Ligand SMILES: Nc1ncnc2c1ncn2[C@@H]1O[C@H](COP(=O)(O)OP(=O)(O)O)[C@@H](O)[C@H]1O
Ligand SMILES: [Mg+2]
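Residue numbers (the working numbering): 8 to 417.
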């Protein structure tokens, strides 16, 4: 029998949890509808820890709320596995077909899922349990994932390794690992990659930090004959069992858009930040600078799931550190979402065309852009110093803006 409702809980950094509400999927004449009800105890806020799961779509208040996104999951979609996690699930559950409804997806993930939400079939929630592998297992993980990509079944020794890869979003092979007392995401090289993706991601993230952006910490690690890039989780406290530190909302969920839609823009994310961020000017300027950086380094995969906000107790909503920043030489030279009046065109003039939405006067925006261009001119040496091989640098050149190779104005 398929599950049609789940209890939604929030976990906190001190190890406690509170019931937030109940999620249900209802059959309607044209398919199904996801609905959410806050628990009375969350609304009464006797514990002083209540906040809205989404500031406008799921406001604090009584009554049943329709989750309007086409996935029937609304703000809960970020807690479900994405393309990679679904592949793992399919392998783990073979030959049974995958569950195909929202509640089952939520129950399928483990406590390593992004953010602080947790799910149960009854009102009681067990204590947190991580499925993270050790960073010493990177080589075995890489091996198990390669077998999975070749379509081999999940043998028992790999099952635990597969579970470490189940709960995070995204499409690339990845697993949650613990390392140096912190929780990280290990993203693996693929056999089919035609350049060193892991080194490129690490170097691009370091380059973003070098330009003054707020970026998740990364490291390069060996995974047998190949490599992995480790990305430190910004939503987990240090030390096992790595308690969650906040509620995560991707820009896709924040804007309540359908993943397949061609809508979505930096301007709209900036608008959401203006209305809801606890430090909206700083967050909007940071977003503007990330947009300019993505255009200049050719990170074309800057879609709405690669931007996010986090709600931390006492701190409110803030933009998360940047993640999944990788130059993309093989993608069309347009951004995934609109950057200005000329849509997704990857140009600085397009970035500047709506700078007011980011709280910037044109002159200040131009100054920030010029400073970024100046910092990025030396990207080849920066990448080489971080161990990116010459062939990879050669491939990446096609992604970086030609502007970076022209002489600065006298
Ligand atoms: N440092 C991080 N801390 C917490 N969550 C993260 C972090 N980096 C990425 N995520 C989450 O994991 C998902 C997948 O990571 P991402 O790097 O985007 O992988 P992919 O390249 O497969 O898209 C993201 O969409 C985001 O929800
Ligand atoms: Mg991603």
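Glycine residues also receive a C-beta, built at the ideal position from the N, C-alpha and C atoms.
These numbers come from a predicted model, not from an experiment.
The Cβ-Cβ distance between residue 219 and residue 89 does not fall below 7 Å. Here residue 24 has 16, 18 and 132 as same chain residues with Cβ atoms under 6 Å from its own Cβ, once five neighbours each way along the sequence are excluded. In this structure the segment 201-215 does not touch the segment 356-368; the number of beta carbon pairs closer than 8 Å is below three. Taking 6 Å as the cut-off, the C-beta of residue 337 does not count as close to any heavy atom of ligand 1. DSSP, read as helix, strand or coil, puts residue 399 in helix. Beta-bridge analysis with DSSP links residue 141 to 185. Per DSSP, residue 54 is not a residue of any beta strand (DSSP E), being assigned neither H nor E.
In this structure, the straight-line span from the alpha carbon of residue 148 to that of residue 235 is close to 10 Å.
Put simply, the segment 332-351 touches the segment 401-413. At least three CB pairs are less than 8 Å apart. Within its own chain, the residues whose Cβ lies closer than 6 Å to the Cβ of residue 64, once the five positions on either side in sequence are excluded, are 263, listed in chain order.
With a cutoff of 7 Å on beta-carbon distance, residue 14 and residue 318 are scored as not near each other.
Residue 172 sits in coil when the DSSP states are folded into three classes, being neither helix nor strand. Closest option to residue 222, judged by alpha-carbon separation, among 181, 327 and 151: 327. The beta carbon of residue 211 lies closer than 8 Å to those of 304, 306, 332, 333 and 334 in the same chain, with the five residues before and after it left out. For residue 73, the enclosing beta strand (DSSP E) covers residues 72-74.
One Cα belongs to residue 185, the other to residue 250, and the distance between them is close to 13 Å. In this structure, the C-beta of residue 331 approaches ligand 2 to less than 6 Å from one of its heavy atoms. Taking the C-beta atoms as reference points, residue 228 is found no nearer than 7 Å to residue 183.
For the pair residue 10 and residue 110, the CB atoms are nearer than the 7 Å cut-off. Using a Cβ distance threshold of 7 Å, residue 314 and residue 62 do not count as a contacting pair.
CA-to-CA, the gap between residue 36 and residue 115 works out to about 27 Å. Look at residue 272 here: in three-state DSSP terms it is strand. In its chain, beyond the 5 residues on either side, 191, 193, 226 and 228 have a beta carbon closer than 6 Å to the beta carbon of residue 237. Beta-bridge partners of residue 43 (DSSP): 30 and 72. The Cβ atoms of residue 99 and residue 152 lie no closer than 7 Å to each other. The C-alpha of residue 91 lies about 20 Å from the C-alpha of residue 209. Note that the C-beta distance between residue 44 and residue 71 is below 7 Å. Pairing residue 216 with residue 38, the inter-Cα distance amounts to about 46 Å. Residue 64 carries a coil assignment under DSSP once its states are collapsed to helix, strand and coil. The residue among 146, 135, 267 and 125 with its C-alpha nearest the C-alpha of residue 30 is 125.
With a threshold of 16 other beta carbon atoms within 10 Å, residue 129 falls short and is exposed.
Counting along the chain, no beta strand (DSSP E) covers residue 36, and no H or E run does either.
The C-alpha of residue 214 lies about 19 Å from the C-alpha of residue 342.
In this structure, the alpha-carbon of residue 299 lies about 14 Å from that of residue 369. Note on geometry: alpha-carbon atoms of residue 395 and residue 383 lie some 16 Å from one another. Between ligand 2 and the CB of residue 306, the shortest heavy atom gap is not smaller than 6 Å.
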